[in-house]
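Trainee: Pasting in a structure now, in structure tokens, and then I'll have a few things to ask.
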Amino acid sequence: MAKNFQLVHKICTTRCQSTNVFTAVSLTNREYYTVKITDLDDLTDPQVILNEISRTRHIRHNNILPLLNSFVQESQIWCIYPHIYYGSCRDILNAIQAYYTANSDQNLNTNNNNNIDRADEQIRLCFNEQSIQPIVRSILLALDYLHSKHIIHRCVCPENIYINQSGHVYLGGMGYAISLIDNGFLNKRLHEYPSKIDNYVNYLSPEILQQNLIGYNTKSDIYSLGVTICELANGIHPFIGCEKTQMLFEKLVGYDIGLWDRSILTTESKNIFVSVCASENPKVIAQIQRRCFSEKFRNFVDLCVVKNHEFRANCHQLLHHTYMKKMKLQSCLSTFQISIISEGLVELQKKIKNKTIQNQSDFSQIVQKPTTPSKNINSWNFD
Amino acid sequence: MLKQKQAQFYYDDDDDEQDTEERTPDDIMNSDFFNDDIYDYKERFFNRNNNHQEIPEGDLAQDEEYDLDENTDENVNFQFQNEEEDYDENNDNLINKETFFKRVDSMEFVKQKQPKVIDKYLIGELLGDGSYGKVKECLDMENLSRRAVKIINLKMVARKIPKGVQNVRKEIKIMKKLNHKNLIKLYSTFEKGSQPPNNHTDHPSQCINLEKPPKLYIFMDYCITSLEKLLKTAPLQRLTNFQANYYFKQLIEGLEYLHSLNIIHNDIKPGNLLITCDDTLKICDFSISADLGMFSEEEYIKDKKIEQEEDEENFDGINPNLLANSGTGKFPIQQCTPMFQCPEMLDENIDEILILKNAPKIDVWSTGVTLYQLTTGNLPFQGQTLHQIFELIRSEIPIEMPEFCDKNLKALLNGMLTRDIMKRWSIHEIRECEWFKKKHPLVKEEMAPLPQEAKMSEANDQPNLSSDKFYSAEEDINIKQNEVIQTHINQESTSRVLTQATKAKKTNCSMM
Chain G
1 MAKNFQLVHK ICTTRCQSTN VFTAVSLTNR EYYTVKITDL DDLTDPQVIL NEISRTRHIR
61 HNNILPLLNS FVQESQIWCI YPHIYYGSCR DILNAIQAYY TANSDQNLNT NNNNNIDRAD
121 EQIRLCFNEQ SIQPIVRSIL LALDYLHSKH IIHRCVCPEN IYINQSGHVY LGGMGYAISL
181 IDNGFLNKRL HEYPSKIDNY VNYLSPEILQ QNLIGYNTKS DIYSLGVTIC ELANGIHPFI
241 GCEKTQMLFE KLVGYDIGLW DRSILTTESK NIFVSVCASE NPKVIAQIQR RCFSEKFRNF
301 VDLCVVKNHE FRANCHQLLH HTYMKKMKLQ SCLSTFQISI ISEGLVELQK KIKNKTIQNQ
361 SDFSQIVQKP TTPSKNINSW NFD
Chain W
1 MLKQKQAQFY YDDDDDEQDT EERTPDDIMN SDFFNDDIYD YKERFFNRNN NHQEIPEGDL
61 AQDEEYDLDE NTDENVNFQF QNEEEDYDEN NDNLINKETF FKRVDSMEFV KQKQPKVIDK
121 YLIGELLGDG SYGKVKECLD MENLSRRAVK IINLKMVARK IPKGVQNVRK EIKIMKKLNH
181 KNLIKLYSTF EKGSQPPNNH TDHPSQCINL EKPPKLYIFM DYCITSLEKL LKTAPLQRLT
241 NFQANYYFKQ LIEGLEYLHS LNIIHNDIKP GNLLITCDDT LKICDFSISA DLGMFSEEEY
301 IKDKKIEQEE DEENFDGINP NLLANSGTGK FPIQQCTPMF QCPEMLDENI DEILILKNAP
361 KIDVWSTGVT LYQLTTGNLP FQGQTLHQIF ELIRSEIPIE MPEFCDKNLK ALLNGMLTRD
421 IMKRWSIHEI RECEWFKKKH PLVKEEMAPL PQEAKMSEAN DQPNLSSDKF YSAEEDINIK
481 QNEVIQTHIN QESTSRVLTQ ATKAKKTNCS MM
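As structure tokens, this is what we get:
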């Protein structure tokens with residue numbers, strides 16, 4: 001079966017260096033796919049990948065990344081997923097970050113004020129309140145489905161939120177998911193700690209981290225979602241630069257995470273924010289100063305990141321929050337938003353490459369490629 | 001005086017903290033710790049009037065113990081810090097207006113105690129004490145999972161317990177083989193102050209010679225309580241049929257797995273049966289268990305005399321060398337806790353081959369005693385002296401069963417506590433028994449509750465309580481960074497947390 005796929009290029013290496021992700025072309029129907037290849041020889045514990053395959057096969061939802069096929073090829077497990085044009089939200093964030101650092105270097109040299117403004121504008125355009133809304137909505141729908149099946153995802157983070165070419169948002173990464181149903185009994189709470197979750201420990205909810213008698217339930221996904229929204233909206237993770245132990249302390253008793261915008265800088269709460277954000281620098285502050293989120297959005301995030309899970313809202317409640325109702329219902333990013341993101345990304349990438357103002361001819365070249373979104377959006381949009 | 005006492009309190013903690021030097025109260029008073037604070041306060045006080053423009057950077061950095069990155073952002077950082085201090089001062093002034101001295105917070109003394117980090121684990125509160133050493137709570141700093149660590153002072157063990165060090169090594173060897181949800185799991189070991197763990201032999205003399213006491217750290221699953229403690233907190237001093245059955249089933253599962261590996265636990269008792277957060281029973285303490293497997297690398301293999309080769313096929317899986325060694329004084333099964341000792345081990349002319357053949361039955365006996373204790377609250381064999389207990393075990397007197405035991409339970413107990421090793425029930429027979437298979441009624445009032453205090457303190461979101469014992473050590477490690485946060489948590493957030501906590505209390509009450 002592996003013969004049917006021609007690997008095009010490697011996207012990334014994940015999880016203990018044994019999983020490689022490739023873009024591939026199917027030789028049978030000439031379409032793009034994402035292929036995840038896990039080498040069993042290097043794998044210390046196959047549990048995560050096996051869990052991912054078995055869980056994904058048992059569920060089907062519009063907003064959950066489907067597993068099209070999986071098979072064993074020699075010592076490797078191949079998993080075939082649909083082609084994800086924009087990659088995960090992490091990739092987009094990284095692109096923004098890379099652009100930002102590249103731009104700041106330039107800025108140091110030329111000291112051009114105009115440039116900063118444009119950069120900030122660009123960043124605001126990428127993950128602003130309006131474009132986060134459909135992402136959150138899609139993820140909530142997926143989570144609502146999972147929770148109705150008594151499955152806890154446990155690893156909601158930007159890495160696992162994928163956006164494809166038409167702006168459709170998928171939730172993936174079911175490797176750490178766990179079911180509340182065990183041995184035919186429906187448990188109210190779970191206590192098992194995902195100790196292999198190493199890199200995503202920042203997204204775990206306080207009740208999972210506490211590992212006490214109380215345990216955790218489906219609401220811990222909501223907290224992870226809240227942290228994810230914060231990261232998307234703020235551009236950086238709320239606990240960036242923290243030691244893991246300090247992060248634990250903060251999550252249990254300390255600082256409440258939330259959205260960072262203009263209002264946080266004017267009140268006394270600034271102190272908390274500044275002291276926690278270890279990687280403090282004036283540019284971030286300046287950026288935050290330009291930002292302004294609506295009251296509804298702030299309230300929505302606050303509901304997600306309540307420390308005590310008893311008072312945290314559940315999926316169903318959040319889906320009917322005013323922030324969700326504010327705009328017309330849409331399960332995917334609109335053409336406008338996706339074009340902003342794509343253009344933003346294209347521009348960002350180009351700027352990182354050239355560090356020059358965009359050239360008209362360059363842009364047209366990109367447009368002419370068959371996979372470029374700006375051309376294809378109209379054909380994909382059936383609204 | 002009070003301060004000094006406080007300071008001392010944090011020092012005389014336990015012998016583990018050898019790294020921190022003993023400091024007399026005078027030392028503390030003379031140390032730059034206090035003087036700096038005063039200086040700092042003066043600085044701040046005066047600078048406040050000058051709109052806090054010039055705070056000497058060096059001093060501030062020292063006082064606050066900030067590791068500031070030497071980059072261009074420093075200036076901005078300082079601006080914000082100044083404002084924070086300003087805010088803090090205002091609060092301080094409100095509390096004690098005239099005093100020049102800063103209110104001494106207990107946190108500052110806590111800070112002195114260095115958090116202890118072994119390998120990648122942060123060591124926390126003491127959980128329990130045993131003959132082999134302490135058990136402490138700890139936190140994996142990489143994935144933040146909660147673990148328990150058994151700290152064994154090898155020097156002391158070698159002195160106090162015969163074959164102590166060998167037993168510890170054997171325990172680790174056995175635990176490494178195990179992988180079952182009802183057996184405690186070994187995550188890693190760490191040895192400090194003796195030879196590298198690779199070429200460790202069973203010669204305690206080599207360990208003793210070193211200056212620092214050699215210590216062995218065994219990192220295991222974290223458990224909240226043991227059946228022994230649970231029994232004490234139970235309303236009737238015994239478990240209900242439902243609960244006893246629930247734990248007994250898990251115990252049998254674990255034992256069956258253990259016996260399938262030809263390992264005899266040999267020390268089953270409520271104190272060695274731990275319970276995790278999710279109410280799973282874990283069998284622990286393999287220090288005197290025996291590995292009778294074909295490939296066990298015990299030292300008595302060396303002087304081999306294989307005589308009865310034709311008998312081998314009868315003892316499926318048992319190391320023939322062990323059988324050959326019988327009568328040479330190298331019997332692999334050791335004496336266990338007196339009350340749980342089985343009669344055949346007390347026999348003077350002990351038939352070693354018979355016992356080795358039926359070794360799993362040793363565990364069945366002690367499991368029977370355990371079940372008796374769980375369901376009745378008493379031990380079946382009690383006496384003033386060891387001699388009396390042993391006499392009682394060896395005698396032929398039938399075991400008394402209290403009235404409230406039902407018929408099936410009596411049958412099971414009688415079967416497990418049969419003195420003849422051949423007639424004693426096997427694990428298979430136990431599994432077939434009525435009491436084991438039956439679904440018992442759930443009586444909530446008589447259930448032994450899991451430790452309540454942990455539940456309460458962690459359920460409420462109060463900032464001081466929920467950071468409880470376990471996390472106190474982390475506070476220390478982060479105290480440098482947290483200092484500012486700690487003092488500057490603004491009124492709003494604390495009040496919000498408090499209201500939440502009160503809400504939580506209310507809901508708890510209503511639930512009850």
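Chains as they are written, first to last, in UniProt numbering: chain G, 1 to 383; chain W, 1 to 512. Cβ atoms here follow ideal geometry from the backbone N, Cα and C, with glycine treated the same way. Just so you know, these numbers come straight off a predicted model, no measurement behind them.
Assuming Gly377 of chain W and Leu231 of chain W make a contact with CB atoms under 8 Å, what is their CB distance in whole Å?
Mentor: Gly377 of chain W to Leu231 of chain W, Cβ: 7 Å. Contact.
Trainee: Is there a C-beta anywhere in chain G that falls below 8 Å from the one on Glu420 of chain W?
Mentor: Per the sequence presented here, residue 420 of chain W reads as Asp, with Glu not at that position. By this cut-off, Asp420 of chain W is not an interface position.
Trainee: Take Thr28 of chain G as the anchor and find which of G:Ile139, G:Met324 and G:Gln6 has the nearest alpha-carbon.
Mentor: Out of G:Ile139, G:Met324 and G:Gln6, G:Gln6 has the C-alpha closest to the C-alpha of Thr28 of chain G.
Trainee: Could you tell me whether the Cβ of Leu259 of chain G comes closer than 8 Å to any Cβ of chain W?
Mentor: For Leu259 of chain G, the answer is no, since every Cβ of chain W falls outside 8 Å of its Cβ.
Trainee: Pick helix, strand or coil for Glu125 of chain W, following the three-state DSSP scheme.
Mentor: If DSSP states are grouped into helix, strand and coil, Glu125 of chain W belongs with the strands.
Trainee: Give the range of the beta strand (DSSP E) segment to which Val301 of chain G is assigned.
Mentor: Where Val301 of chain G is concerned, there is no enclosing beta strand (DSSP E), although the alpha helix (DSSP H) it sits in stretches over Glu295 to Cys304.
Trainee: Against Gln211 of chain G, what residues of chain W qualify as contacts under a CB-to-CB distance less than 9 Å, listed in chain order?
Mentor: Going along chain W in sequence order, the residues near Gln211 of chain G (Cβ under 9 Å) are Leu144, Ser145, Arg146, Tyr222 and Cys277.
Trainee: Give a yes or no on whether the C-beta atoms belonging to Asn164 of chain G and Tyr216 of chain G are separated by under 8 Å.
Mentor: For Asn164 of chain G and Tyr216 of chain G, no; Cβs fall outside 8 Å.
Trainee: Asp140 of chain W lies in the beta strand (DSSP E); which residues open and close that run?
Mentor: Counting along the chain, the beta strand (DSSP E) containing Asp140 of chain W begins and ends at Gly133 to Asp140.
Trainee: The ligand MN heavy atoms versus the CB of Leu213 of chain G: any closer than 7 Å?
Mentor: This structure does not include the ligand MN; it has no bound ligands of any sort.
Trainee: Note down, in chain order, each residue of its chain lying with its Cβ closer than 6 Å to the Cβ of Ile37 of chain G, except the 5 sequence neighbours on either side.
Mentor: Excluding positions up to five away in sequence, the list reads Asn20, Gln76 and Trp78.
Trainee: Identify the continuous beta strand (DSSP E) that holds Ile77 of chain G and give its terminal residues.
Mentor: Gln76 to Pro82 is the extent of the beta strand (DSSP E) around Ile77 of chain G.
Trainee: For Asp198 of chain G, return the contacting residues in chain B, with the cut-off set at a CB-CB distance below 7 Å.
Mentor: Considering every chain present, this structure includes no chain B. Its protein chains are G and W.
Trainee: Let me make sure I understand the geometry here. Which of G:His61, G:His168, G:Val156 and G:Ile240 has the alpha-carbon closest to that of Ser224 of chain G?
Mentor: For the residues G:His61, G:His168, G:Val156 and G:Ile240, the minimum Cα distance to Ser224 of chain G belongs to G:Val156.
Trainee: When you check each C-beta in the segment 176 to 196 of chain G against every C-beta of chain W, which residues fall closer than 9 Å?
Mentor: Those would be Asn187, Arg189, Leu190, His191, Glu192, Tyr193, Pro194, Ser195 and Lys196, in chain order.
Trainee: Enumerate in chain order the residues of its own chain whose CB-to-CB distance from Arg189 of chain G is below 6 Å, with the five nearest sequence positions on each side excluded.
Mentor: Only Gly215 and Asn217 meet the Cβ criterion.
Trainee: Could you please give me the residues that DSSP links to Glu191 of chain W through a beta bridge?
Mentor: DSSP, once it has assigned bridges, lists W:Leu216 as partnering Glu191 of chain W.
Trainee: Considering just the uninterrupted stretch of the beta strand (DSSP E) at Asp39 of chain G, what are its terminal residues?
Mentor: Counting along the chain, the beta strand (DSSP E) containing Asp39 of chain G begins and ends at Tyr32 to Asp39.
Trainee: Check the Cβ of Leu379 of chain W against every Cβ in chain G and list those closer than 8 Å, keeping chain order.
Mentor: Those within 8 Å of Leu379 of chain W in chain G number zero; the least Cβ separation is about 29 Å.
Trainee: Is Val364 of chain W helix, strand or coil by DSSP?
Mentor: The answer is helix: DSSP assigns Val364 of chain W an H, G or I state.
Trainee: How should Met422 of chain W be labelled, buried or exposed, when 16 other C-beta atoms within 10 angstroms of its C-beta is the threshold for buried?
Mentor: Label assigned to Met422 of chain W: exposed.
Trainee: Give the straight-line distance between the Cα atoms of Glu403 of chain W and Leu409 of chain W, rounded to the nearest whole angstrom.
Mentor: The alpha-carbon atoms of Glu403 of chain W and Leu409 of chain W are separated by roughly 11 Å.
Trainee: For Ala24 of chain G, write down the residues that DSSP places opposite it in a beta bridge.
Mentor: Looking at the DSSP assignment, Ala24 of chain G forms a beta bridge with G:Leu7 and G:Tyr33.
Trainee: Measuring only the C-alpha atoms, how far is Lys269 of chain W from Asn314 of chain G?
Mentor: Computed Cα separation, rounded: 44 Å.
Trainee: Taking only beta-carbon atoms, is Leu450 of chain W less than 8 Å away from chain G?
Mentor: For Leu450 of chain W, the answer is yes, since a Cβ of chain G falls inside 8 Å of its Cβ.
Trainee: Mind checking who Val149 of chain W pairs with in its DSSP beta bridge?
Mentor: According to DSSP, Val149 of chain W bridges with W:Lys136 and W:Phe219.
Trainee: Using a cut-off of 8 Å between C-beta atoms, extract the partners of Val201 of chain G located in chain W.
Mentor: Going along chain W in sequence order, the residues near Val201 of chain G (Cβ under 8 Å) are Asn143 and Leu144.
Trainee: If we cut at 8 Å on Cβ distances, does Leu248 of chain G have a partner in chain W?
Mentor: Yes, contact with chain W.
Trainee: Given this structure, state the Cα-to-Cα distance separating Gln246 of chain G from Arg90 of chain G, to the nearest angstrom.
Mentor: When rounded, the distance between both Cα atoms is 23 Å.
Trainee: Given a cut-off of 8 Å, decide if Leu442 of chain W and Gly368 of chain W are closer than it, judged by their beta-carbon atoms.
Mentor: No. Outside cutoff.
Trainee: Assign Ser205 of chain G to buried or exposed, taking buried as 16 or more other Cβ atoms, counted over all protein chains shown, within 10 Å of its Cβ.
Mentor: Ser205 of chain G comes out buried.
Trainee: Pop quiz: Leu171 of chain G and Asn63 of chain G are said to be a contact at Cβ under 8 Å. What is the actual Cβ separation, rounded to whole angstroms?
Mentor: About 6 Å; that satisfies the 8 Å criterion.
Trainee: Go ahead and label Lys437 of chain W buried or exposed: buried means 16 or more other beta carbons lie within 10 angstroms of its beta carbon, across all protein chains shown.
Mentor: Counting Cβ neighbours within 10 Å, Lys437 of chain W comes out exposed, since fewer than 16 surround it.
Trainee: Note down, in chain order, every chain W residue with its Cβ under 9 Å from the Cβ of Gly215 of chain G.
Mentor: Here the neighbours are Cys277 and Asp278.
Trainee: Within 8 Å (strictly less), CB to CB, does Tyr257 of chain W reach chain G?
Mentor: So no, Tyr257 of chain W is outside the interface.
Trainee: Buried or exposed: which applies to Met339 of chain W, given that a residue is buried once 16 or more other Cβ atoms fall within 10 Å of its Cβ?
Mentor: Buried, because 16 or more other Cβ atoms sit within 10 Å of the Cβ of Met339 of chain W.
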